[in-house]
Each structure stands twice: as C-alpha cells, then as structure tokens.
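Asker: Dumping the structure here so I can ask a few things about it.
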Amino acid sequence: EVNAPDNRDQLVKTYGYQQISGGLTGFLNLTGAVRGNGTADEVQYWEETRLHAYATVAPTASAAPAATAFVAQKATSDASVLRLNDVVLVGGQDRFIVTAISPTGEVSNTATANYTFQALSSAGLTASVSTASINLPVIGNLFAQGTDQNEGYLESNVIKRTNAYSIIKEVFKVTGSQATNIGWVNVGNGDYRWYVKGEMDTRARFLDKREMMLLLGQSITNTLTTTNIQGLPTAGEGYFSAIENRGIVQSGLIDSLSEMDILIAELDKQGAAPEYAMYVNTAQDLDIDDMVASLNGAAGFGSATIGVNAFGGKVNEAAMLGFKSFSRGSYTFHKHSWKLLNDPTLLSGSKYLGVMIPMTTVVDPKTGTRAAALELNYKDTNGYSREMEHWMTGSILGVANTNEDSLQFNYRSECALITRAANQHILIKG
393 EVNAPDNRDQ LVKTYGYQQI SGGLTGFLNL TGAVRGNGTA DEVQYWEETR LHAYATVAPT
453 ASAAPAATAF VAQKATSDAS VLRLNDVVLV GGQDRFIVTA ISPTGEVSNT ATANYTFQAL
513 SSAGLTASVS TASINLPVIG NLFAQGTDQN EGYLESNVIK RTNAYSIIKE VFKVTGSQAT
573 NIGWVNVGNG DYRWYVKGEM DTRARFLDKR EMMLLLGQSI TNTLTTTNIQ GLPTAGEGYF
633 SAIENRGIVQ SGLIDSLSEM DILIAELDKQ GAAPEYAMYV NTAQDLDIDD MVASLNGAAG
693 FGSATIGVNA FGGKVNEAAM LGFKSFSRGS YTFHKHSWKL LNDPTLLSGS KYLGVMIPMT
753 TVVDPKTGTR AAALELNYKD TNGYSREMEH WMTGSILGVA NTNEDSLQFN YRSECALITR
813 AANQHILIKG
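The sequence shown runs 393 to 822 under this note's numbering.
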C-alpha cells in the first residue's frame, strides 16, 4: 500500500481524433465561401428564375395522332408565358403556334385561360395528347409581314428566400474542490487537472453540435409544447434540408457509371459549376474508388488534373488536403471521406451518405460571375459578435462574479447557413 502504482499517464485516443466539426466549415474555408454578419432575426436572399419558362397547360380534350389543332387550359397559378403567335414544342418534336387566347387579349393570366394551338405542319401530332398537364417549351414566335408588335410582354421573376438563425448553447461546470484535485492522467501539456479535459471536450461537443445544426437543421413547422423549453426556439433550414427541398437527391450509393451519368445530365440541366467536392461516407468512398478503378481511364474517366480554380492555384493541393479527383464529361469531382458520416454515435447508419458541393471558387467562364454556393452567417453588429461567445460565471480560479463555489463555462452561438442555388447541390441519401 505504500508503493506508488506504475501509472502510465498518457490518455490513449481509443477512437482517434473524435471532433467532427470542420467538415462543412472546413469546406467553407477551403473554397473561400462567404462569411457574413447578421443584423436581423433571419437572412433574406434572392434567386433568379429560369430565363425561359415553359407553359404548363392541360388539353381540354384528348387529341389523336395527326390532329392539327387542340385547345388547352392554363394548368398552374403562375403568370402566363404564352402570347399570340408563340410557337411551342409539343411532345418534344411537334411545332404548334398559339392562334387564340380566351379571354381575349395578348396574354391572359386568369385561372381558366384557354389557348388554341394550330400545327405548323399538315402532319399534325406525332403522338396523341391526353387531358393530363403537359409542359410546352416556348421556342419562338411567327408574325406576318406588316403586322404590329405583340402587345403582351413577359416580366422577370425572382424568388425571395429567408432563413432563420439558430441559437445553440452549452455549459460545463466544475466545483472549487474538483478544480484543485490532481489526477493520474495527463490531459495535455503536463496538466493533470481532469476538469480541463471536461472543459475541452465540452467545447468540442459544442462546436460539433453547431456544425450538425448547420447541416441537419430543419425549419420548425410542428406546433411544439413550450412549457419546458421557454418559448418556441428559432430554427434555420440546414444544408441537407435545403437540398431535400430544392436540390438533387440521389437515392442510394453511386456505384455505377450509368448512375454517375444520370447525375451529370441533371447537373447540365441546372447550369452547374464544372468542379465539385464530394464529402461521403466510407461505403460511398469505396464504391467510387471501385467504379473508377474498374474503368481504368476508359469512357472519359481517369485521374483529373488538379486545376488552378478549385484549390487556389496550387497544383496538387487537392491531394495534400486528402482529396482524390476524377473527371467525367465536363466535370471534375474531388472526393473526400467525411468523418461525420462514419461516426457510429452520430450519422453512421443514418440515411445520409454524402453530398456533392459545387466549388465556389470556380468562375463562370462566360459571365465571370463568382457566386457563393454556401454562406455562413453569424449575428454581429457594432463590435458584438455571437459567432462564438464564451464566458465564465462563478467565484473560483480567478473569477469572482457570483457567490457559487464553482465555475461555469458558457458557450453560445447564433448562426444561419444560406444554401444558394440548392438545385446545383446533390445529396446522396439511402
């Protein structure tokens, strides 16, 4: 009993480095995405609509093949984009012209507006049209010599989006007695006070939870009981929710060339950026490796040349940061294993398998526009920032602002993530 134990004071990292924050925020830092200061309870931002909107109509009666005319009714509450003399594409191949609109007028926005379509070709319809709603691209118009300009015109549209801030809090507490105890374990830099480890872990958990709320946050639509939560908390839309609501959702792991090509075709439709960062779990990581390896550079696949756009002009910077890159079609994908999705106490086993994020440092080659795909905002004004508030209350360890024989470490953050052009982001979901 008088002999000292043979103690090894090193704290073994049984599960490796466990803190997961740095995935999303690390990506933001990597790509130089926007970080903004918030000055209201929510962030308001704007997104443009497509330049060319199609007309959604429902034929009032079915039309058989070879039919040279049919009447259709406006099928949505959106403003009409059809005018007299507009030429539309029916069934992806047949050209018809708008010869009449009722109620009369160049453009009718009434809910029951009817349009008469006449075929340009005497062959009429190639395939029949039913009374179900159809989308008709407006490919142009035709006018006779000497006729007036069309009186109707199309207004530009814009989508207003808002996202609320989320307030995230955490505390850690140590009594005066425990603060003076020396333990057997070296918690770092020769410090054997165990409460130091508790405070460091609390801070790490807080940062992880803040990141997960930015990813997994969801706007509250359910009526909550407020008795025990001191009012209804504000909750912003997280990254995953934004893609689920407005983006591209890949069902299941990407494990074949055909699935990859379907996604690429969808990215083309959305006017996507040419470079993407893939943050994925281990299963998806290995499936992509197997897919690329099996092709051995064939069919457009192969090791990508790391360009100067995605990683700040530093050649091979992607490899240094743990990315593996490959190209397909006109896109380059930089793949990275995401710790969060592999943690068995967090998202391992969840439905979320990975994301594909457009690299924001890529400039549009035609317009030169540099648009931030993600924008991280914290409440901040007049020198007061709520990005990462940390303060202590108690009466020990040099702090004396209460009479409690303890010290409480407080953490607070008020943040919101804006996902711009969510239609260009991909969520891989099981």
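Ideal placement from N, C-alpha and C gives every residue a C-beta, glycine not left out.
#1: Once DSSP output is grouped into helix, strand and coil, what is the label at Gln-816?
#2: Can you find the residues in the same chain that come closer than 6 Å, C-beta to C-beta, to Ala-511, ignoring five residues on each side of it along the sequence?
#3: Relative to the C-alpha of Lys-771, which residue among Lys-405, Leu-416, Asn-399, Thr-431 is closest?
#4: In angstroms with no decimal places, state the Cα-to-Cα distance between Leu-809 and Gln-402.
#5: Please list the terminal residues of the continuous alpha helix (DSSP H) segment that includes Glu-393.
#6: Taking Cβ to Cβ, would you say Ala-505 is nearer than 8 Å to Ile-493?
#7: For a minimum of 3 consecutive residues, which ranges assigned as the beta strand (DSSP E) are wholly contained in the segment 398 to 478?
#8: To which residues of the same chain is Asn-802 closer than 6 Å at the C-beta, ignoring the five residues directly before and after it?
#9: Determine the burial state of Tyr-407: buried for a count of at least 16 other Cβ atoms within 10 Å of its Cβ, exposed for fewer.
#10: When DSSP labels each residue in this structure, what does Lys-661 get in the three-state scheme?
#11: When DSSP labels each residue in this structure, what does Lys-601 get in the three-state scheme?
#12: Could I get the ranges of all uninterrupted alpha helix (DSSP H) runs contained in the segment 621 to 684, with 4 residues as the minimum, in chain order?
#13: May I ask you to report which of helix, strand or coil DSSP gives Thr-811?
#14: Once you ignore the five residues that flank Ala-377 on each side, which residues in its own chain have a CB closer than 7 Å to its CB?
#15: Out of curiosity, what's the CA-to-CA distance linking Glu-440 and Val-550?
#16: When DSSP labels each residue in this structure, what does Asp-593 get in the three-state scheme?
#17: May I ask you to report which of helix, strand or coil DSSP gives Tyr-587?
#18: Within the continuous alpha helix (DSSP H) that includes Lys-727, where are the two ends?
#19: Let's see if you can read the secondary structure: which residues bound the alpha helix (DSSP H) around Gly-568?
#20: Can you give me the Cβ contacts of Gly-692 inside the same chain, cut-off strictly under 8 Å, excluding the 5 residues immediately before and after it?
#21: Taking 8 Å as the cut-off, does the segment 668 to 684 touch the segment 639 to 648 (at least 3 CB pairs, one atom from each stretch)?
#22: By how many angstroms is the C-alpha of Leu-819 removed from the C-alpha of Gly-428?
#23: Leaving aside the five residues before and after Ser-500 along the sequence, list all residues of the same chain whose C-beta is less than 8 Å from its C-beta, in chain order.
#24: Is the CB-CB distance between Glu-629 and Thr-417 below 8 Å?
#25: Output the distance between the C-alpha atoms of Leu-546 and Ala-664, rounded to the nearest integer angstrom.
#26: Can you list, in chain order, the residues of its chain with a C-beta nearer than 8 Å to that of Leu-443? Leave out the 5 residues immediately preceding and following it.
#27: Among the candidates Thr-724, Ser-787, Arg-595, whose CA atom is the shortest distance from the CA of Gln-410?
#28: Just to check, is the beta-carbon of Lys-716 closer than 7 Å to a non-hydrogen atom of the ligand ADP?
#29: Considering only C-alpha positions, which residue in the set Leu-420, Gly-790, Gln-816, Asp-398 is nearest to Val-641?
#30: Since Gly-415 contacts Leu-732 with CB under 8 Å, what's their CB separation in whole angstroms?
#31: How big is the Cα-Cα spacing for Val-394 and Gly-786?
Answerer: According to the structure shown:
#1: Reading the sequence shown from its first residue, position 424 is the one you call residue 816. Reduced to three states, the DSSP call for Gln-816 is helix.
#2: Numbered from its first residue, the sequence shown carries residue 511 at position 119. Same-chain partners within the cutoff: Thr-460, Phe-488.
#3: Position 379 of the sequence shown holds residue 771. Nearest of Lys-405, Leu-416, Asn-399, Thr-431 to Lys-771, Cα basis: Thr-431.
#4: Within the sequence shown, the letter at position 417 stands for residue 809. Within the sequence shown, the letter at position 10 stands for residue 402. Near 39 Å, if we compare the C-alpha coordinates of Gln-402 and Leu-809.
#5: For the purposes of this step, residue 393 is taken as the residue at position 1 of the sequence shown. That residue, Glu-393, is in no alpha helix (DSSP H); it is neither H nor E in DSSP.
#6: In the sequence shown, residue 505 corresponds to position 113, counting from 1. In the sequence shown, residue 493 corresponds to position 101, counting from 1. In this structure, Ile-493 lies closer than 8 Å to Ala-505 by Cβ.
#7: You should have 426 to 430, 434 to 440, 447 to 451, 461 to 466.
#8: Here residue 802 is taken as the residue at index 410 of the sequence shown, counted from 1. Result list for Asn-802: Val-563, Trp-783, in chain order.
#9: Position 15 of the sequence shown, counted from the first residue, corresponds to residue 407. Classification for Tyr-407: exposed.
#10: Here residue 661 is taken as the residue at index 269 of the sequence shown, counted from 1. Residue state, collapsed to three classes: helix.
#11: Here the question's residue 601 lines up with position 209 in the sequence shown. Helix.
#12: 631 to 638, 649 to 661
#13: As a first step, residue 811 is located in the sequence shown; it is residue number 419 there, counting from the start. Correct three-state label for Thr-811: strand.
#14: Any property of residue 377 remains undetermined from this structure, which presents the chain solely from 393 to 822.
#15: Position 48 of the sequence shown holds residue 440. Position 158 of the sequence shown holds residue 550. The alpha-carbon atoms of Glu-440 and Val-550 are separated by roughly 5 Å.
#16: In the sequence shown, the residue the question calls residue 593 occupies position 201. Reduced to three states, the DSSP call for Asp-593 is helix.
#17: Taking the first residue of the sequence shown as position 1, residue 587 is located at position 195. Looking at Tyr-587 - three-state DSSP - the assignment turns out to be helix.
#18: Looking up residue 727 in the sequence shown gives position 335. Element bounds for Lys-727: not the alpha helix (DSSP H) but the beta strand (DSSP E), 723 to 729.
#19: Sequence index remark: in the sequence shown, residue 568 carries index 176 (1-based). From DSSP, the alpha helix (DSSP H) with Gly-568 extends over 568 to 571.
#20: Translated into the one-based positions of the sequence shown, residue 692 becomes position 300. With a pLDDT of only 49 at Gly-692, under the threshold of 50, the placement of this residue in the model should not be trusted; the figure read from the coordinates follows. Closer than 8 Å at the Cβ level, and outside the excluded window around Gly-692, lie Ser-719, Arg-720, Gly-721.
#21: yes
#22: Within the sequence shown, residue 428 is the residue found at index 36, counting from 1. Within the sequence shown, residue 819 is the residue found at index 427, counting from 1. Between Gly-428 and Leu-819, the C-alpha separation is close to 25 Å.
#23: Here residue 500 refers to the residue found at position 108 when the sequence shown is read from its first residue. Cβ within range, chain order: Lys-466, Ser-472, Ile-493, Ser-494.
#24: Locating residue 629 in the sequence shown gives position 237, counting from the first residue. Locating residue 417 in the sequence shown gives position 25, counting from the first residue. Cβ atoms of Glu-629 and Thr-417: not closer than 8 Å.
#25: Working through the sequence shown from its first residue, we reach residue 546 at position 154. Working through the sequence shown from its first residue, we reach residue 664 at position 272. The straight-line gap from Cα to Cα measures roughly 26 Å.
#26: For the purposes of this step, residue 443 is identified with residue 51 of the sequence shown, where counting begins at 1. Cβ within range, chain order: n/a, list empty.
#27: In the sequence shown, counting from the first residue as 1, residue 410 sits at position 18. With distances taken between Cα atoms, Gln-410 lies closest to Arg-595.
#28: As far as ligands go, the structure on display features none, and thus does not contain the ligand ADP.
#29: The residue labelled residue 641 in the question sits at position 249 within the sequence shown. Among Leu-420, Gly-790, Gln-816, Asp-398, the Cα nearest to that of Val-641 is on Gln-816.
#30: Counted from its first residue, the sequence shown places residue 415 at position 23. Counted from its first residue, the sequence shown places residue 732 at position 340. At roughly 5 Å, the Cβ-Cβ gap stays under 8 Å, so Gly-415 and Leu-732 are in contact.
#31: Counted from its first residue, the sequence shown places residue 394 at position 2. Counted from its first residue, the sequence shown places residue 786 at position 394. Taking the straight line from one Cα to the other gives about 38 Å.
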